[in-house]
Structure formats: C-alpha cells, structure tokens
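Before any comments, here is the structure.
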Ligand code: 13P
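Numbering (the numbering used here), first residue to last: 206 to 456.
Listed below in structure tokens is the structure:
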C-alpha cells in the first residue's frame, strides 16, 4: 500500500515573514485532523531555515525546489544536497518543467540530480510531463516513456522505490486547466508500466506517482481517488493555508 504524499511547491513566493504566516496557518488548519497523507512544503531556499524551525514537532515535512549537481566549491548561486540536509529537508524536487523550460535542464541533468539526492539520503520528487503540443500530436505516451527512462537511467531498483515521480502535464501548470481524472490516471499507468518494464512490477508497485497541474480543493478528491495517483504536487493552491489543508484532508 503506497502512502499518499501531498507536496506544496511554493515556487518563487514568500519571504520569511510570509513563510511564517503560511506555515503557522497550515499548522492551525491541520491541527486535530487525522491525516492519511504525508505533508511536504517546498519553500524557496531563503525560507528553508525558518520553515525548519516552524514545522518542528508538526506533521509537516520539508523539501527544496532544486539542488546543485555538485557537493561544494566554485558554483556561484548553487545549493548542495548536504546543505539541504543540514537545513532539515527530506525531499528535493528535481526537473520541474519550469527548470526544464527556463534553465535548460535535460533528462540527463535531472537524472544526475536525482542520483545526487538519493546518494545523500534524501528523496527526489522527479518531474515528467508533456507539453500541450505533444499532447495534441498524440505523443504523450512516447514523451512520458522517454522522460521516465531518461530520468531514472542507472538508478537501482531500491533507489527507484525510494523516489517519487511527479506527473505534471505542462499545459495544466498554472493554467487552471486540470487533466481529467481519466487523462491523469492514464498517464500514471504509462509511467508505472515503464518502471515495471525497466525494473519489475514489484518495484513499479512501490513507487509513489504524484499528479501536479492546477490541483485545487475542489478537484483533489477525484484525482486522488484514482488507483495510480498517489498524491499531488501543488503550486498555486498551496500558497493559502486553508486551500492546501483542504487538498491534504481530501485524501
Ligand atoms: P499549479 O498547481 O499552480 O498548476 O502548479 C503545479 C506545479 O507546477 C507544482 O509543481
């Protein structure tokens, strides 16, 4: 049985004051609720320290939005796995479509980052997903197969089982257009079957595959009730404590 994981990707939002408000609001909104999901918040690097202190003793766990390929040294602007570990992160998002689109990240780079994160004992949330053009060309399954194969290259079965895959159709991110539950489930089935053929059905069965793309309180329940959808990677709707809490309690 896979545990559902609901992660909030804050993207480039919230300074330290806003971080404090949002985490305190989330703690209050979740207080006393019995939860069936792991809760993750992924603030910007500058808020990780504050977030770490605020989540202590709560159900909330911490993730980062990106990581360097390198351990230390002359890489201006970069942050290493070791630094993320030291600030209390358990998860790291790698290969978000915005990193692919604006920072030139390829499957190869994402694969190397996932390996770094796993070697450091953290859990990568590895993103894949087709563009609108690719969906309209009916090549979604091929794109997902290529991306999944590329980002997992060289990982052991044990490492894949520890990883999270986030299916984020690029056309659904920040657009208010959510994949239907059928479209999302179908994509998750494709990803899981790629993992089954690369590794084994038993390994594929263990991998948490999240859906991301305009997840909101009012569509979370139907998406999360699909058999292959094991959680959500939430953007816009995680920036308000109540709406993020409603997604979490929809599980
Ligand atoms: P939205 O929920 O704002 O569509 O963003 C999804 C996303 O990119 C999460 O990583």
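By construction, the Cβ of each residue, glycine as well, lies at the ideal position given by its N, Cα and C atoms.
{"Item": "Residue 361 burial status per 10 Å Cβ neighbour count (16 or more: buried)", "Value": "exposed"}
{"Item": "CA-to-CA distance, residue 206 to residue 248, given in whole angstroms", "Value": "29 angstroms"}
{"Item": "Spatial distance of residue 366 from residue 408 (CA atoms)", "Value": "6 angstroms"}
{"Item": "Three-state secondary structure assigned by DSSP to residue 406", "Value": "helix"}
{"Item": "Reduced DSSP secondary structure (H/G/I, E/B, other) of residue 247", "Value": "strand"}
{"Item": "The segment 274 to 289 / the segment 332 to 349 touching (three or more Cβ pairs under 8 angstroms)", "Value": "no"}
{"Item": "Residue 332, DSSP secondary structure in three states", "Value": "strand"}
{"Item": "beta-carbon residue 331 near the ligand 13P non-hydrogen atom, thresh 7 angstroms", "Value": "no"}
{"Item": "contact_flag[the segment 441 to 448, the segment 395 to 402] where n(CB pairs < 8 angstroms) is 3 or more", "Value": "no"}
{"Item": "CB of residue 295 within 8 angstroms of CB of residue 267, strictly", "Value": "yes"}
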